[in-house]
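**Student:**
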């Protein structure tokens, strides 16, 4: 753990009301599964987040999924004060209400164009998220080679539709430009007048959020829920969703301990 990491954790523990805890969903709170529709939060995860929600300034999930889907798959509706920024920040779920912009017009062209691109590619599936569309190669016989073969044609299709490509672990996602997890997290930190920040993620799409933590000027911590498929520079590396939840539990324990010690002083 670096000195800066220690400073970030100390700031969260000493001043939890000023802390924002940011989290990705898939691969961070939920294990990666072959079928994205089968993803669910790791057992006990909702309880850990509810505990944190009562202790810190804000818990925010920043995910590529639709916000309401993350709430459903995570059983998160009961987490106190939770905000979910879906589609990399285009959508916002808070207190049961969903706010979202109109669907990008280029997505219809992307949906139509993807069908012939993946035709005949066994194990490749298209996931329609309404405000984005993703191509998954995880179930192909050679997922890396299939992903590489699709990169250029998918990029060309996205450019023609006015979209951008978000690469990830065995996935290429076509989505509207102008928003990423770093932009979304930075805006949320400003909104909440955050005094410290932690962000945990597991994929390439989380790198802008890690960069936002470092650029914020706040005491901060980045947590990578380790993966053999990519290398990410982060302050702390843990072993998947179980490691993330164990770490968050330790943060909650430290906050409660500090509060007890302060009350007894």
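In UniProt numbering, the protein residues as written are 1 to 265.
For each residue, glycine too, the CB sits at the ideal point set by N, CA and C.
Predicted model, so just to flag it, every value in this text is computed and none were measured.
When you compare the CB positions of residue 135 and residue 164, do they come within less than 8 Å of one another, or not?
**Tutor:** Not in contact: residue 135 and residue 164 (Cβ atoms no closer than 8 Å).
**Student:** Report the option in 29, 252 and 193 whose CA atom is closest to the CA atom of residue 65.
**Tutor:** Closest option to residue 65, Cα to Cα, is 29.
**Student:** Given residue 289, which residues of its chain have a CB within under 7 Å of its CB, disregarding the five upstream and five downstream residues?
**Tutor:** Given that the chain is displayed from residue 1 to residue 265, the structure contains no residue 289 and the question cannot be resolved.
**Student:** How far does the beta strand (DSSP E) with residue 198 in it extend, from its first residue to its last?
**Tutor:** Taken as a continuous stretch (DSSP letters only), the beta strand (DSSP E) holding residue 198 covers 196–201.
**Student:** Which same chain residues, not among the five before or five after residue 3, have their C-beta less than 7 Å away from its C-beta?
**Tutor:** Only weak support is given to the placement of residue 3: the predicted model assigns it a pLDDT of 36, under 50, and the value that follows is read from those uncertain coordinates. So no residue of the chain qualifies.
**Student:** Leaving out five residues on either side along the sequence, give the residues of the same chain with a beta carbon under 8 Å from the beta carbon of residue 81.
**Tutor:** For residue 81, where only same-chain residues beyond five positions count, the Cβ hits under 8 Å are 53, 58 and 59.
**Student:** Around the Cβ of residue 251, are there at least 16 other Cβ atoms within 10 angstroms (buried) or fewer (exposed)?
**Tutor:** Buried, because 16 or more other Cβ atoms sit within 10 Å of the Cβ of residue 251.
**Student:** Just reading off the beta strand (DSSP E) that residue 174 is part of, what are its end residues?
**Tutor:** That run of the beta strand (DSSP E) goes 171–175.
**Student:** Should residue 160 be labelled buried (16 or more other beta-carbon atoms within 10 Å of its own) or exposed?
**Tutor:** That one is exposed.
**Student:** Work out the CA separation of residue 32 and residue 239 for me, nearest whole Å.
**Tutor:** Their Cα atoms are separated by approximately 13 Å.
**Student:** With 16 as the cutoff for other CB atoms within 10 Å, does residue 44 come out buried or exposed?
**Tutor:** Exposed, by the Cβ-count rule.
**Student:** Look at the alpha carbon of residue 10 and the alpha carbon of residue 20, and state the distance between them as a whole number of angstroms.
**Tutor:** Those two C-alpha atoms are separated by around 13 Å.
**Student:** Contact defined as beta carbons within less than 8 Å: I believe residue 244 pairs with residue 200. What is the distance between those atoms, to the nearest angstrom?
**Tutor:** So it is a contact: roughly 5 Å between Cβ atoms.
**Student:** Quick check on the DSSP output: the alpha helix (DSSP H) that includes residue 108 runs from which residue to which?
**Tutor:** 106–118 is the span of the alpha helix (DSSP H), which, as asked, contains residue 108.
**Student:** Name, in chain order, the residues that DSSP records as bridge partners for residue 168.
**Tutor:** Paired residue(s): 171.
**Student:** CB residue 169 to CB residue 227, shorter than 8 Å?
**Tutor:** Result yes, Cβ atoms of residue 169 and residue 227 sit closer than 8 Å.
**Student:** Just how far apart, CA to CA, sit residue 121 and residue 55?
**Tutor:** Between residue 121 and residue 55, the C-alpha separation is close to 48 Å.
**Student:** With DSSP collapsed to three states, give me the class of residue 62.
**Tutor:** Of the three classes helix, strand and coil, the one that applies to residue 62 here is strand, per DSSP.
**Student:** Since residue 223 is in the beta strand (DSSP E), which residue starts that stretch and which ends it?
**Tutor:** Where residue 223 is concerned, the enclosing beta strand (DSSP E) stretches over 220–225.
**Student:** Going by beta carbon distance, what residues of the same chain come within less than 6 Å of residue 224, once the five residues before and after it are set aside?
**Tutor:** Same-chain partners within the cutoff: 232, 234 and 237.
**Student:** Could you have a look at residue 86 and say whether DSSP puts it in helix, strand or coil?
**Tutor:** DSSP places residue 86 in strand when its eight states are reduced to three.
**Student:** Please check the pair residue 100 and residue 91, which I expect to be a contact at CB under 8 Å, by giving their CB distance rounded to whole angstroms.
**Tutor:** Indeed they touch by this definition, with Cβ atoms about 4 Å apart.
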